[in-house]
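First the structure, in the form of structure tokens, and then the observations on it.
Numbering (the working numbering), first residue to last: 248 to 381.
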């Protein structure tokens with residue numbers, strides 16, 4: 248008789264989908280990346296390793312945690328994609344969302360040529376300030 252086996256990825260995805268969590272952020276390493284991608288569950292981690300986790304520490308839920316040097320509290324707003332992770336404190340969310348919306352509107356109204364010119368000026372200014380002469 249063969250018993251069905253689950254990878255760490257399958258266990259992670261199945262257990263967290265039951266809780267309706269949108270993604271999983273780890274300030275450490277994960278394994279089974281191929282399987283996680285195939286299951287379509289967003290997981291963000293610092294590294295990939297071929298061995299299982301030690302599970303040596305148990306921490307309470309709904310308490311602040313330090314993740315990547317950032318103190319994250321319950322109810323903070325987290326945005327993550329392949330390029331990075333941002334944690335917005337709950338008490339600043341409305342202000343940040345307004346600023347993001349205004350920036351997006353300005354960028355949408357800007358032509359690619361105008362953006363390119365502004366970007367070049369900004370980069371050149373930073374390089375000149377750093378003493379780079381070309």
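Using N, Cα and C, we set each Cβ at its ideal position, and we do this for glycine too.
- Note: residue 334 is bridge-paired with 325 in the DSSP secondary-structure output.
- In chain order, 270, 272, 289, 291, 333 place their CB closer than 8 Å to the CB of residue 327, counting only its own chain and leaving out the 5 sequence neighbours on each side.
- For residue 318, there is no enclosing alpha helix (DSSP H); the enclosing beta strand (DSSP E) has its first and last residue at 317–319.
- In the DSSP assignment, residue 312 falls within the unbroken beta strand (DSSP E) covering 312–314.
- Around the Cβ of residue 278, a 10 Å sphere holds 16 or more other Cβ atoms; the residue is buried.
- Here residue 283 is buried: its Cβ has 16 or more other Cβ atoms, across all protein chains shown, within 10 Å.
- It is roughly 47 Å from the alpha-carbon of residue 286 to the alpha-carbon of residue 379.
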